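Q:
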Amino acid sequence: MVQLQQSAAQSQNLDSPHTPIRNTNRRRNYSPQTPRTPISIQSSFQNSPMSPFSPAVSINTVHSVQMISYEESDDEYDIISNPNPSQWRLLKMNAPEWKRAVLGCLGASGFGAITPIHAYCLGSVVSVYFLTDKSKIKSEIAIYCIVFVGLGVLCFFTNLLNHHNFAVMGERLTKRVREKLLENVLTFEIGWFDRDENTSAAVCARLATEASLIRSLVGDRISLLVQVFFSAFLSFLISLIINWRVAAVMISVQPLLIVSIYSKTVLMKSLSSKAKKAQNEGTQLASEAVVNHRTITAFVSQERIMRLYAETLKGPRKECIKQSWFSGLGLSASQFITTAAISLAFWYVFNIKHII
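Taking my numbering, I'd label the letters of the sequence shown as residues -19 to 336.
1. Buried or exposed for Q207, going by 16 or more other Cβ atoms inside 10 Å?
2. What does a CB cutoff of less than 8 Å around Y328 pick up in its chain, not counting 5 residues either side in sequence?
3. Assuming I322 and L237 make a contact with CB atoms under 8 Å, what is their CB distance in whole Å?
4. Starting from S107, trace the alpha helix (DSSP H) in both directions and tell me its first and last residue.
5. Closer than 8 Å by C-beta to F216: which residues in its own chain qualify, once you throw out the five before and the five after it? Chain order, please.
6. Could you check how far apart the C-beta atoms of L70 and V198 are, in whole angstroms? I think they sit under 8 Å.
7. Within 10 angstroms of its Cβ, does I153 collect 16 or more other Cβ (buried), or is it exposed?
8. Which residues in the same chain have their Cβ closer than 6 Å to the Cβ of N9, if we skip the five residues on either side of it in sequence?
9. Taking DSSP as the reference, what is the three-state secondary structure of D113?
10. Can you list, in chain order, the residues of its chain whose CB lies under 7 Å from that of I121, leaving out five sequence neighbours each side?
11. Given this structure, state the Cα-to-Cα distance separating A75 from F213, to the nearest angstrom.
12. Say the cut is 7 Å; is the CB of E261 nearer than that to a heavy atom of the ligand HEM?
13. In chain order, what residues of the same chain lie with their CB nearer than 6 Å to the CB of E261, ignoring the 5 residues before and after it?
14. Three or more C-beta pairs under 8 Å: does that hold for the segment 127 to 141 against the segment 76 to 93?
15. Please name the residue in M73, A290 and A93 whose C-alpha comes closest to that of G132.
16. Does the pairing of the segment 261 to 270 with the segment 282 to 291 give three or more beta-carbon distances under 8 Å?
17. By the three-class DSSP mapping on this structure, what secondary structure does D174 have?
18. Quick check: the Cα distance between T95 and D200, rounded to an integer number of angstroms?
19. Quick check on S66: does DSSP put it in helix, strand or coil?
20. Smallest Cα separation from L311: which of I241, T277, I301 and K256?
21. Go ahead and pull the three-state DSSP assignment for F168.
22. Let me know if G150 comes out buried or exposed under the rule of 16 or more other beta-carbons within 10 Å of its beta-carbon.
23. Alpha carbons only, please: which of V183, L309, L111 and K155 is nearest the one belonging to F359?
24. Any idea if A81 is buried or exposed, counting beta-carbon neighbours within 10 angstroms, 16 or more meaning buried?
25. In the DSSP assignment, find the alpha helix (DSSP H) that holds S211 and state where it starts and stops.
26. Distance, Cα to Cα, R287 vs S281?
27. Roughly how many angstroms separate the alpha carbons of S314 and S243, rounded to a whole number?
28. Give the secondary structure of F279 by DSSP, where H, G and I count as helix, E and B as strand, and everything else as coil.
29. Answer yes or no: do Y124 and V106 have a C-beta to C-beta separation smaller than 8 Å?
30. Taking just the CA atoms, how far does A325 sit from D113?
31. Specify the secondary structure class of N272 as computed by DSSP and reduced to three states.
32. Would you report the Cα separation of N331 and N223, rounded to the nearest angstrom?
33. Count the other CB atoms, across all protein chains shown, that sit within 10 Å of the CB of S203; report buried if there are 16 or more and exposed otherwise.
34. In whole angstroms, what separates the C-alpha of A320 from that of V239?
35. Please classify N142: does DSSP put it in a helix, a strand, or coil?
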């Protein structure tokens, strides 16, 4: 769009080489002796005739004045990407709540153990209905009803113990992170607050949202890991006790299931980041066109902008099509492996019955 405006300005200047265009809104004059900051130079450059977005473009410019472009001024304020926070450092910050962590892990382990016990009881209830004695069926069903009620009560208390303690840990960690963040922000220079991304509203938003995200990195993650570990351990233990052959077959398939689900997740994440990068160019062009709509209307360049915008969308379109194919293949592969593992277990049990 900048090249379009410059070419249009040059064509107008060639038509009238001796009549410079006056800028009635220009109130700043460039002086090489006047020291300026990058912010003041950038703002004065936007209102000067040298800017392609200025309402007036003149070819009579003083060549002794040193100008600073957008690229040079923006490079000084590039946001430096910081590394991911250390999990061990967050745990050390949350060390005073170690008693809460122990109680939360007990609740998470109890809730993780409920799932395999519930599955075992459901399988046992089905076998009870094949009995011929009605009195025995009623007694067995009554026992399993009491077991299910007990599992429900245990699930309530373990969830309460788990979520309450880890929530207290997360809130106290969030408070410490906000205090440290605000303490460091107050030590920055004044120029840091002049940037658009460091306004008072942006800093308050970081203190409110980004600091609270750290809560999920410690409490929620530890809770999920403890639940998954105890659930998998107890499931493998019960299955090996009941029928170690079928359990060995299912355990051997689990790594393949984990790899397929993990690869699908990583593939979807990488493809979405590529599609986002491809859309940045079109988004930037659209935002510049909206901001400078008067200049585009003055040069009658609406169709040209639309063609440029359509060309910038060709790359994101290809990335989206590629992402749809890869996501479809990954999802179908993971679903196929899950169903195939269950089919393999039934097939193996059928063969064992025939051999015995």
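Glycine included, C-beta positions come from ideal geometry on N, C-alpha and C.
If you're wondering where the values come from, they're calculated on a predicted model, not measured in any experiment.
A: Concretely, from the data shown:
1. buried
2. R225, V226 and V229
3. No, I322 and L237 are not in contact; Cβ-Cβ is about 11 Å, not under 8 Å.
4. W78 to V108
5. A227 and I231
6. 5 Å
7. Residue identity check: residue 153 is Leu in the sequence provided, not Ile. So L153 counts as buried.
8. Unreliable positioning characterises N9 in this predicted model, as indicated by a pLDDT of 41, which lies under 50. A coordinate reading is not provided.
9. coil
10. V108
11. 27 Å
12. You won't find the ligand HEM in this model; it holds no ligand whatsoever.
13. T292
14. yes
15. A93
16. yes
17. coil
18. 19 Å
19. coil
20. I241
21. coil
22. buried
23. Outside the displayed span of the chain (-19 to 336) sits residue 359, for which this structure offers no information.
24. buried
25. R201 to I222
26. 10 Å
27. 9 Å
28. coil
29. no
30. 31 Å
31. coil
32. 14 Å
33. buried
34. 15 Å
35. helix
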